[in-house]
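J.: When we follow this note's numbering, the leftmost residue of the sequence shown carries the number 3, and every step to the right adds one.
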Amino acid sequence: MPEAALHLGSGKVRELYALDDERLLLVTTDRISTFDVILPTEVPDKGRVLTGLSAFWFSRTRHIVPNHLLALRDDGRSLECRRLEMLPVEIVVRGYLSGSGWHDYRATGSVCGHPLPHGLRESDRLPEPIVTPATKAVSGHDENIDARTAASLVGARRWAEAEAVALALYRFGAAHAESRGIVLADTKFELGIDRTGTLVLGDEALTPDSSRFWPAAAYTPGRPQPSYDKQFVRDYCESLGWDKTAPGPDIPAAVVTGTRARYVEAFELLTELAFDDYLADPQVVLR
Ligand code: Q0Z
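Following this line, the structure appears as structure tokens:
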């Protein structure tokens, strides 16, 4: 992998290296997880789809917030980025009621301290998007927290700034996605502070791994929605009666091919580029 780069850590899908004191290399692999388990079968080009989408959004959201992207490497799957002091909270923005948001609403009528109207159904669109912070769990699941707790972790003024930036990013991404037939139900941002004290968008941005993408054509509230990218894999795993503990099952070639096609389709819809053009010249997404 990268010469003379120190491996700092592995995510489920990504690897992080230090290039020097100020720069990191974020490499997105072709690994795929479902039901929180990494599967033994990779999806070819998934890493390049996710990296290309992140680079696309970074280049198109600079007017909202600066970001950590320094360079997109010619392998199409590696981003050189500025090293930041990451905030110790994940910032999820939700425009629709799904996942832990739906779970918390059903139990309490609220999500992260946001009281919501009565009578909402699973997957309903919210009257307005809400910012729902979570603490980063080292292992296991992130824990939803309220704004007061987030403010106590990062400071009230910084939290207010982070909330406003995250909402603006979500609104921008959701409007763009909606115009291309994709519902951006929710998304997670990771923000950091640079050496000048400026708030900066880090990590990945508005990818199917950090967000829920739903095909707009199939949107039907009152039940869970099919995932734009992973639904074939989920359906296959469900058909096996697998207990969703590691190790996950091998995925048949036809399911891998269909899944790759869905990732590529999302890339092409959102970027309005041919994925082959990106493979030939990754810099095309930044233009
Ligand atoms: C991101 C992660 C992993 C992939 C740290 N610009 C930055 N500055 C400082 N830290 C980070 C970043 Cl992006 C940072 N992560 C998450 C972990 C693989 C991404 F193991 N951790």
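Glycine included, each C-beta is placed from N, C-alpha and C at the ideal position.
#1: Could you work out which residue in ALA6, ALA7, ARG75, ALA268 is closest to HIS178 when comparing CA atoms only?
#2: Among the candidates PHE191, GLU240, ARG127, ALA256, whose CA atom is the shortest distance from the CA of PRO90?
#3: Evaluate VAL140 with the Cβ neighbour count: other Cβ atoms within 10 Å of its Cβ, from every protein chain shown; 16 or more gives buried, anything less gives exposed.
#4: If you draw a straight line from the alpha carbon of THR110 to that of ALA207, how long is it in whole angstroms?
#5: Is CYS114 helix, strand or coil by DSSP?
#6: State the beta-bridge partners of ASP188 as determined by DSSP.
#7: Check whether the Cβ of GLY78 lies closer than 7 Å to any heavy atom of the ligand Q0Z, and answer yes or no.
#8: When we look at the beta-carbon of GLN227 and count the other beta-carbons within 10 Å, is it buried (16 or more) or exposed?
#9: Go ahead and label GLY11 buried or exposed: buried means 16 or more other beta carbons lie within 10 angstroms of its beta carbon, across all protein chains shown.
#10: Going by DSSP, what residues sit across from GLU130 in a beta bridge?
#11: Which first and last residues belong to the beta strand (DSSP E) in which TYR19 is found?
#12: Do GLU92 and the ligand Q0Z come close, with the Cβ less than 7 Å from some heavy atom?
#13: Short of 8 Å in beta carbon distance, which residues of its chain neighbour ARG236, apart from the five on each side in sequence? Order them along the chain.
#14: Comparing C-alpha positions only, which one of PHE234, ARG264, TYR265 sits nearest to ILE253?
#15: Assuming ASP188 and ARG96 are in contact, meaning their beta carbons sit under 8 Å apart, how far apart are those beta carbons, in whole angstroms?
#16: Flag this pair as yes or no: are the beta carbons of VAL15 and ASP211 separated by less than 8 Å?
#17: If we define contact as Cβ-Cβ less than 8 Å, is VAL39 a contact residue for chain C?
#18: Less than 7 Å separating the Cβ of PRO11 from some heavy atom of the ligand Q0Z?
T.: Reading from the atomic positions:
#1: ALA268
#2: Nearest of PHE191, GLU240, ARG127, ALA256 to PRO90, Cα basis: PHE191.
#3: exposed
#4: Within the model, the alpha-carbon separation for THR110 versus ALA207 is close to 30 Å.
#5: Reduced to three states, the DSSP call for CYS114 is coil.
#6: Looking at the DSSP assignment, ASP188 forms a beta bridge with ARG96, ARG214.
#7: no
#8: Of the other Cβ atoms in all chains shown, 16 or more fall within 10 Å of the Cβ of GLN227; this residue is therefore buried.
#9: exposed
#10: GLU130 is not bridged to any residue.
#11: 16-20
#12: For the ligand Q0Z, not one heavy atom lies less than 7 Å from the Cβ of GLU92.
#13: THR36, PHE37, SER229
#14: PHE234
#15: 4 Å
#16: yes
#17: Given the protein chain composition of this structure (a single chain), no chain C is represented.
#18: The displayed chain sequence assigns Gly, not Pro, to residue 11. Within the cutoff, so yes.
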